[in-house]
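The opening residue of the sequence shown carries number 1 in UniProt numbering; numbering runs sequentially from there.
Comments concern the structure below.
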Amino acid sequence: MDAQRQPIFLPVPWPVWLLVGLILVPEIILSGAGFGLWGGAEGIGWRSEALVRFAFFDAHFEHVRQTGRDMAGLVTRTLSYSFVHFAPLHAGLAAAIALALGTAVARRFAPLPFLMLLILSAAAGAMAFGLATQARVPLAGAYPMIYGLIGAYSWTLFLAAGTDRRKQVAAFRLIGVLVVLQFIYRAILGGGPDWVADLAAFGAGFLLSFGLADDGPDRLRGWRDRLRQR
C-alpha cells in the first residue's frame, strides 16, 4: 500500500529552487535594509539604488539603440531586472507563483533548457517593453519570467489536447483569465505598461517550448514530416 501512495507535494527541481532563491535573497537584503535591520541610514535607499542599477529602463534602451554604447549593460539588464522588485509583496507573490508553476513546468524540461526558457522569456519581455513603450517607470520583477512559464504550461496543455479544438482553446484559459484580471486591476488602480513585457514573455515561453521541452524537437520533426507527405 505504501509503495503505491503518491506524494502529496511534487518534488521541486533544483532550477526552480534557484529561481525562487534569486527572487527572495535580494528581497530579504533590501527589505531588511529598508526596515533598518542592517545597512544603517544608507540601507533605506538600497532598494532605489538597486532599481537604478539593475532594472530595465526604456530611456536607457533608447540611448543604447541610438548610440550603440553600453550594449553590455543593456544585455545585463534584460535579465537582472527580474531579481529586483518594488516591494516585499511584489517579490513574495512572484516567488510563490514561480515555485508552484515552475515545479509543474520543469517536469517537461531538462535543467539547462528550463533555465534558457526563463532567460529568453525575460529578454523577450524586456525587448518588447523597450520597443513598444515610452515608460518612465522601469520594468522590474520576475513576472515576465512567470508569464514565460505560463506560456510553457499552456504549451503542455495545448499538446495534451491533441486534435481536440475545444481543449486546444482551453489551453489558453489561464492567460485569458490573467489578461482580464490585469485589465480590471489597471482600470481600478492604474499602472504602467509592464503588461507588454508579460504578454511578450508569454508568447516567447509558448514558442520556445517547441524547441526546449524534452519532446519538443521530436514533435517539430513529426509535424515537418507530415507536412512533407501532404
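We put the CB at the ideal spot given by N, CA and C, even for glycine.
Item                                                                                                      : Value
Touching by the beta-carbon criterion (3+ pairs, under 8 Å), the segment 46-62 and the segment 127-134    : yes
For ALA200, the nearest candidate out of ILE184, ASP214, LEU118 and ASP164 (CA to CA)                     : LEU118
Cβ-based burial, SER48 [other Cβ within 10 Å; buried from 16]                                             : exposed
Sub-8 Å separation of MET145 and SER82 beta-carbons                                                       : yes
Segments assigned alpha helix (DSSP H), at least 4 residues, entirely inside the segment 139-217          : 143-160, 165-170, 173-189 and 195-212
Contiguous alpha helix (DSSP H) assignments of at least 4 residues, all confined to the segment 85-118    : 88-106
PHE57 (DSSP reduced to helix, strand or coil)                                                             : coil
Where THR76 falls: helix, strand or coil (DSSP)                                                           : helix
Residues near GLN182 in its chain [Cβ-Cβ closer than 6 Å; skip 5 each side]                               : TRP195
MET71 versus LEU24: straight-line alpha-carbon distance, rounded                                          : 28 Å
Nearest-angstrom Cα separation, counted from ALA100 out to TYR143                                         : 14 Å
Three-state class that DSSP yields for LEU51 in the structure shown                                       : helix
Classification of PRO111 by the beta-carbon crowding that lies within 10 angstroms, buried from 16 upward : exposed
Span separating the alpha-carbon of ARG173 from that of GLY32                                             : 38 Å
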